[in-house]
Amino acid sequence: MNFVKRAGLSLWSRKGRTLITLATFLVISVMVLAGVLINDATAQAERDAKRSVGAEVNLETDLSQLGGGSELRAPRIDTATVDKVGALPQVRKYTYSMWDRVLLGGGTQLVGGGPKDPMGPGGTVGMGVLDTSLLSDFRSGKFTLLSGAHLTAADKGKKRLLIEERFAKENKLEVGDTITLTGNDEKTTADFTVAGVYRDPSPATEPDGEYGISPANMLYGTVGGLSALGSERNGPLQAADATFLLQDADMQGAFKDEAKKVAGPSLDGFKLDANDKAIRQMTGPLKSISTTATLAMWLMGLAGAIVLALLVNLAVKQRHKEYGVLLAMGEKKSRLIAQQALEIVVVAALAIGLSSLFAPRLTQSAGQALLGREATSAQHKIDSWQGPPSGSTGLGEGIDPDDKPVEDADPIDKITVRLDPADLATLGAIGLGIGLLATAIPAGAVLRLSPRTILTKGK
C-alpha cells in the first residue's frame, strides 16, 4: 500500500486526533489570515488617505540655517526659479506667496474688535499669492469663497484682491469695487479691484498667530500687484514660500531630487518639506492596529508550530508498532516521514479552506472594534490640544507649535477587509511552513526507529 493511501486511512481511523489537529490548525489559520487581512486593509486605507490629502511639498524657510543676532531676515527666492521647479513633470499645480505691510487709503477702515494697530494705524498684511485656490485653508474647506473668483496665475500682473466678508461689510465693498493701498514705504500708492469675497470662520477678536492682525483684515492680492508696492519693486519678483501639489504621493523623493538640481544654490536657507503631517495624523490608529495584528500573527504562528510539533511527536510514539511492522516489511523511513508530512498538509489545507469562509467577517468585526478604540483615543488627544497663548511662541510654556493638529484630518476609524487570492497564497505558504516545521522535529524520532526493538520490546 502506498503512503498516500495510508495517510488517508490514518486520518480517517484516528478521527479524534485528526479533529484536534484540525482545530489547532484552524485557530492558527484564522489568526494568521486575520493578521494578513488587517495589514492589507490598513495599507489600502493609508493609500486612500494619501490620495484624499494629496501629495504636497512645501518650500519653507529652514529655521536651523538662520544665524543668531538681533536682526533675522527670512530668505527670499526668485519666482522665476519657483516657476522652473513648478514645471517639473511630478508637479500637478503650484503656488507661491510673499507678504508685506500695506496701508489702507481712500477712507477704507479696518474691522475693529481685534488687536489695536499691530501694523500701525491703518496698516494690515497684504499677502501676495499666485493662486489663492491652492492655499491650504481654501483646499481644506476652512475658507469659503462667497462671491467673485480666485486669484490665479493669469492675474499675476494685475492689481486684484480677495477680501474677507467682515472687511467687505465694514466698508460696504462688493466684487468690482476699488480699494486704494499704500506700500510699506508710505509713498507708493495703487488702486486694487476686489476680485472676490471669502469667509474666514476665525473670530475677528483673535489675532492671527503669525502676523498678529485680526483675521478679518487679511488681504490676499496678486503677486505682481502687491510687489509693485514693496520696497523691492525694482528688482526681480521674489517669494517667501511655495507649495507644490504633486501628481502622486510616491513622487516626493524624485521631485525633491529634481527640484534641488533645478534650483541649486537658490534653495539656500530653505527646505523642501513634505506635508505628510495630515497623513500621519489620519493613519496613526491604522499603524497601531497593524503592529498589534502582525505581532499576534507571528506569536500565534510560533505557538501553533510548537503545539503541532508536540501533537505529531505524540502521534509518532503512539504509532511505534505500526511503524515497526511497516519497517519490517521493507518500508523506507523517508516514506514514513512523507506520510506524516502529508497528513499534516491535508489537515492544513482543510483548515485554510475553512478559515477563508469566516475569517474575513471575524477580522472585519474585530479589526473595526480595535480601530474604533484607537481612533477615539487619537481624536481625544487632538481635541484636547491647547495652543500657546496669544503673543507667545509656546516654547516657554513647553508647547511645541509644530504639534498643533491639522484641521480636517480626522483619524481614520473605518477599514474594509477583503480576501483575495494573494492573501490565501500568503496563508498557504505560512501554513505549509508551520506544518513542515512541526513535522521536521518528530522526523528525527522516526529515523531512530528500529523495527526489531519495536516488535520485540514494544517500543
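Going letter by letter, the sequence shown gives residues 35 to 493 in this note's numbering. The C-beta atom is built at its ideal place from N, Cα and C for all residues, glycine as well.
Contact under 9 Å by Cβ, residue i with residue j
i: Val91; j: Thr277; result: yes
i: Leu71; j: Val451; result: yes
i: Leu185; j: Thr166; result: yes
i: Gln413; j: Asp444; result: yes
i: Ala330; j: Met161; result: no
i: Gly139; j: Gly156; result: yes
i: Gly148; j: Glu220; result: no
i: Lys305; j: Glu94; result: yes
i: Gly258; j: Lys190; result: yes
i: Arg85; j: Ala283; result: yes
i: Ile247; j: Met153; result: yes
i: Leu164; j: Thr113; result: yes
i: Ile464; j: Pro439; result: no
i: Thr178; j: Arg135; result: no
i: Arg194; j: Thr129; result: no
i: Ile111; j: Leu405; result: no
i: Ala375; j: Thr473; result: yes
i: Ala89; j: Gln402; result: no
i: Ala79; j: Leu336; result: no
Beta-carbon proximity list for residue i, same chain, < 8 Å, skipping 5 on both sides
i: Gly50; result: none
i: Ala400; result: Ala68
i: Ser389; result: Leu60, Ser63, Val64, Leu67 and Leu461
i: Thr58; result: Gly338, Val341, Leu342 and Leu345
i: Leu466; result: Val379 and Ala382
Cα-Cα separation between residue i and residue j, rounded to whole angstroms
i: Val159; j: Leu260; result: 11 Å
i: Arg81; j: Leu279; result: 16 Å
i: Ile54; j: Val125; result: 59 Å
i: Ile378; j: Ala75; result: 30 Å
i: Thr223; j: Ala77; result: 55 Å
i: Pro273; j: Ala187; result: Note that residue 273 corresponds to Ala in the displayed sequence, not to Pro. Their backbone Cα atoms lie some 14 Å apart in a straight line.
i: Glu408; j: Lys448; result: 11 Å
i: Gly298; j: Asp117; result: 14 Å
i: Thr460; j: Lys127; result: 40 Å
i: Lys203; j: Ser236; result: 16 Å
i: Leu470; j: Ser170; result: 55 Å
i: Phe172; j: Ser324; result: 33 Å
i: Leu391; j: Ala372; result: 29 Å
Whole-angstrom C-beta distance between residue j and residue i, which should lie under 8 Å
i: Ile446; j: Thr317; result: 6 Å
i: Gly217; j: Gly264; result: 6 Å
i: Met122; j: Glu244; result: The question names Met, but residue 122 is Leu in the sequence shown. Leu122 to Glu244, Cβ: 29 Å. No contact.
i: Asp96; j: Gly303; result: 6 Å
i: Gln286; j: Ala308; result: 5 Å
i: Ala456; j: Ser63; result: Not really, about 16 Å apart at Cβ, beyond 8 Å.
i: Leu342; j: Ile468; result: 7 Å
i: Gly182; j: Val209; result: 4 Å
i: Ser131; j: Asp275; result: 6 Å
Same chain, Cβ closer than 7 Å to residue i, neighbours up to 5 away in sequence not counted
i: Thr328; result: Gly69 and Asn73
i: Ile197; result: Leu207, Val228, Val231 and Leu253
i: Phe201; result: Val145, Ala250 and Asn251
i: Ala83; result: Ile313, Met316, Thr317 and Ile446
CB contact below 9 Å: residue i versus chain C
i: Tyr254; result: Structure shown: chain C not included; a single protein chain is present.
Nonlocal neighbours in the same chain, by C-beta distance under 6 Å from residue i, ignoring five residues either side
i: Leu137; result: Gly156, Gly157 and Thr216
i: Trp133; result: Val159 and Met161
i: Pro394; result: Val451 and Leu453
i: Gly271; result: It is worth fixing the name first, because residue 271 is Leu in this sequence and not Gly. The residues are Thr113 and Ser261.
**Segments assigned alpha helix (DSSP H), at least 4 residues, entirely inside the region 257-310** = Segments of the alpha helix (DSSP H) lying fully in the region 257-310: 257-261 and 286-297.
**Asked** Of all the beta strand (DSSP E) runs that stay within the bounds of the region 387-428, which reach a length of 3 or more residues?
**Response** none
**Contiguous beta strand (DSSP E) assignments of at least 3 residues, all confined to the region 102-182** = 125-139, 157-163 and 178-182
**Request:** Run through the region 199-225 for me and flag every whole beta strand (DSSP E) of 3 or more residues, listed as ranges in chain order.
**Result:** 212-216
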